[in-house]
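Chains as they are written, first to last, in the numbering used here: chain P, 1 to 375; chain E, 1 to 361. Where a beta carbon is used, it is the ideal one built from N, C-alpha and C, also for glycine. Since the structure is predicted, the reported quantities are computational estimates derived from the model, not experimental observations. Worksheet for the structure shown next.
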Amino acid sequence: MTTTERIAADPRDEPSPAPAVSPGSPATAARRRGGWRGPLIGGAAVLSVVVVLAAVVLGTADATLGDLLRSIGIALTGGEPAVADKQTHLILLNLRLPRVLLAFLAGAVLALAGAVMQGLLRNPLVSPDTLGVSQAAAFGAALSILFGTTSLGALAWLGTTGFALASALACTVVIMLLSTLKKLAPVTLILLGIALSALFAAAQNAAQFLADERQLAAIVHWTFGTVNNAEWFQVGIVGAILAVILPFMAWKAKDLNAVTFAGDDAAKSLGVNVTALRFGMIILAVVVTSVVVSFCGVIGFVSLVGPHIGRLVIGADHRFLLPFAALAGGMLLVLSDLAGRTIFSPIVVPVGIVTAVVGAPVFVALIMSRKAMQQ
Amino acid sequence: MSSSRIRTGLLAAGAALAITALAGCSGDAPATPATDDPAGEPAIVATDSLGFEIALAGPVERAVVINSYNNELLRALGVDDRVVGLDQSSINRLGYIGFDPASTVTQEATSDLNYEKIISLSPEVVILPSVSPYEEAKSQLERFGIQVAVISGFDNGALEANIDFLGTIFDEPEATATLQEFRQSLVDAVAAGAAQAEPKVIFFEDDPLNTPFFTFGPGTGYDYSIVNSGNINLAGDLAATTTGVQVDPAAVITADPAVVYSEVGVTYEPSPASDYAAVAELFTARAGWTDLAAVKTGSVYLTGYPTSTFAKAIGSLFLAKWANPEAYEDLDPVEYLDRWVTEFQGAEARPISDYILQVTW
């Protein structure tokens, strides 16, 4: 068995002893291929569909699954709804569906970004949040509000995304340069990320200080993190991002495994270009995070908790972890948004607040369960 | 499951996502504007505070109105019965109106709006202040034929224009004229004593207990209120921002304001006496304040609804009198406040002592 096969066959953080089966048995082959994980991912995908459908039909306006299917059918065929159903049709198609889909896709993208970062930096506490990327993107978006790009009508999103991306990339470049030049240990990297988070949080406060009344309200409102203004073009963009990065990351999953479980030196010996992989994947994670942040504001904990849920359920093999984490992150954000708009209905609690309230204790529980396992 | 199968599955999912996105793109319904007029011309056209045009086939009969100062104005125009949706903070601040709590669509002006609830109320227009997410509201609601107007009822500088706008879209010319006349009477009352009055420095502190020495500079409602009273805002030289700012406590000592005031709540229901006492205790404990002109003349006030209501326009009368009591000896701001409360808000006039505490050392 090669090193890669051994790593792929034993994806847990703390490898358990191999069961007593003969090396060439079907059971061994199935276990090596992670035969049970595929159906689990399939099950999670089915569950995701159920969660999304439930979230679409649940809300202030009454709707049924039949209404939803009818609306989608009308939209695809270019028909017109009956007069009595028109309002429900428009709500489902123009408000509810893009909102829920954006929440799912954004959650999936954030969780993927977190999983990749955690694997490459070999630290479960790493995420776009803890490396300061989310705060940097938020600062960029605040600047875009200050410079008035949000008043550019249909092109406003380009300005916000551009500023968010530029700021997040600047933060990432600083982190990666220092990491490379100073050969920072992963723990030191986290500390640097925390320092940069504080810097960009202070910069956001400075932006608020300089803002006028309207800009201030816009900046503060945006920092809550919300999908209340979901539009179809946002769904399209984030969906396209996910459709591209997920297969790409799945293709790189074995390399990720090598870096994560064997370390840089061993991975290099296996032919993995560790530097290019680390830089490229982290930059990719930063870019997709910035796009999500520019559309939805700051949504914390999903990129941290989603991958952890994935590891707990399906293990740390990135071939299976990445798609599962994406599904978990997507469902997490959909359910958080559903809670935010139904618990205190008609008051809408921004999803960023819900994920923080829910995510923090969940993360503490994950940390404690992890410590218990290690002990 | 092999990696290749996972990739295939993921690509299929990506395709499904693309189809769904396309479904959404094709599903955008054309707006059904409430302005459709068989004759082709809207009957009512008005421009809101940000220059957006509102065109209506007739007077507004159903409106969602966000922000208590906007709802105050509609009450004053006698059209509050046409408000079918509002924010929770309006209900909290204007308890005398008796809005139905079930008609809330958001918590307060800067919160996320519940668009589904708004749509279910079938308003012709949503009126919200500039601090609300109005751009988002426009993009979400106008495709349902619901127009969005930006009116900031708390904006003292735009009060006349705001009253005209609201009076126009609700088609209440007489009520508008009456309200404008009342607004003008406030301006005239201050002008009447201006010749004898001397501009004094006034310091407004927003929330002494939580954000001490936080005040407001030029372009804000509090600045307008002070300037319209014929006086000088201590923070009036601040050019860096038009929003709130924390000033150096030493700057207050140096400026030696003739009047210091703070609002302990802004609701019609007065804040508890304990809230006033807490702020008073804080003020009296501050180093250097015993030498302030405001303290020596007994011109440190804790107020609330009276100086806040009606875009702080009535507040200008109180400030004028507090700053120059001799020049405004015949001016009774309480008379104007009582008229506002009873005639324009249909509420019971409360004793002024319920709202205003003169802090003594």
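Are the C-beta atoms of residue i and some chain E residue less than 7 Å apart?
i, result
"residue 318/P", "no"
"residue 213/P", "yes"
"residue 95/P", "yes"
"residue 217/P", "yes"
"residue 289/P", "no"
"residue 299/P", "no"
"residue 228/P", "yes"
"residue 314/P", "no"
"residue 241/P", "no"
"residue 119/P", "no"
"residue 221/P", "yes"
"residue 91/P", "yes"
"residue 59/P", "yes"
Around the Cβ of residue i, are there at least 16 other Cβ atoms within 10 angstroms (buried) or fewer (exposed)?
i, result
"residue 74/P", "buried"
"residue 263/E", "buried"
"residue 197/P", "buried"
"residue 273/P", "exposed"
"residue 22/P", "In this prediction, residue 22/P scores a pLDDT of 45, lower than 50, which makes its location untrustworthy; the coordinate-derived value is nonetheless stated afterwards. Looking at its Cβ environment, which holds fewer than 16 other Cβ atoms inside 10 Å, residue 22/P is exposed."
"residue 158/E", "buried"
"residue 344/P", "exposed"
"residue 135/P", "buried"
"residue 210/E", "exposed"
"residue 25/E", "Reliability of the predicted coordinates at residue 25/E is poor, the pLDDT of 44 falling under 50, and no value is obtained from them."
"residue 173/E", "exposed"
"residue 122/P", "exposed"
"residue 252/P", "buried"
"residue 304/E", "buried"
"residue 344/E", "buried"
"residue 369/P", "exposed"
Taking C-beta to C-beta, are residue i and residue j nearer than 7 Å?
i, j, result
"residue 259/E", "residue 225/E", "no"
"residue 314/P", "residue 328/P", "no"
"residue 321/P", "residue 115/P", "yes"
"residue 319/E", "residue 229/E", "yes"
"residue 149/E", "residue 125/E", "yes"
"residue 46/E", "residue 54/E", "yes"
"residue 297/P", "residue 222/P", "yes"
"residue 333/P", "residue 302/P", "yes"
"residue 230/P", "residue 139/P", "no"
"residue 96/E", "residue 268/E", "yes"
"residue 278/P", "residue 120/P", "yes"
"residue 295/P", "residue 234/P", "yes"
"residue 289/P", "residue 173/P", "no"
"residue 134/E", "residue 141/E", "no"
"residue 221/E", "residue 154/E", "yes"
"residue 333/E", "residue 317/E", "yes"
Can you find a CB in chain P that lies within less than 7 Å of the CB of residue i?
i, result
"residue 355/E", "no"
"residue 112/E", "yes"
"residue 133/E", "yes"
"residue 117/E", "yes"
"residue 125/E", "no"
"residue 342/E", "no"
"residue 290/E", "no"
"residue 308/E", "no"
"residue 247/E", "no"
"residue 211/E", "no"
"residue 104/E", "yes"
"residue 107/E", "yes"
"residue 130/E", "yes"
I want to check one thing, is the minimum distance from the CB of residue i to the heavy atoms of the ligand NAD below 6 Å?
i, result
"residue 155/E", "The ligand NAD is not part of this structure, which contains no ligands at all."
Measure how close the beta-carbons of residue i and residue j come, nearest whole angstrom, since I'm counting them as under 8 Å.
i, j, result
"residue 169/E", "residue 56/E", "6 Å"
"residue 171/P", "residue 147/P", "No, residue 171/P and residue 147/P are not in contact; Cβ-Cβ is about 19 Å, not under 8 Å."
"residue 129/P", "residue 306/P", "Not confirmed; about 12 Å, so no contact."
"residue 351/P", "residue 227/P", "6 Å"
"residue 61/E", "residue 82/E", "6 Å"
Chain E contacts from the region 340-367 of chain P (Cβ-Cβ distance under 9 Å): 340, 341, 344, 345, 346, 347, 348, 349 and 350
- prompt: Between the region 61-72 of chain P and chain E, which residues of the former have CB atoms less than 7 Å from a CB of the latter, in chain order?
  reply: 61 and 72
- prompt: Using a Cβ cut-off of 7 Å, which residues of the region 46-69 of chain E contact any Cβ in chain P, in chain order?
  reply: none
query: Quick one, which residues of the region 168-185 of chain E are near chain P if we go by CB-CB under 8 Å, in chain order?
result: none
task: Using a Cβ-Cβ cut-off of less than 8 Å, list which residues of the region 134-147 of chain E approach chain P; keep chain order.
output: 135, 136, 139, 140, 143 and 144
- prompt: What residues in the region 248-278 of chain P have a beta carbon less than 8 Å from any beta carbon of chain E?
  reply: 250, 251, 253 and 254
task: Could you run through the region 257-269 of chain E and flag, in chain order, every residue whose CB is less than 9 Å away from some CB of chain P?
output: none
task: Can you give me, in chain order, the residues of the region 187-210 of chain P that have a beta carbon less than 7 Å from any beta carbon in chain E?
output: 209 and 210
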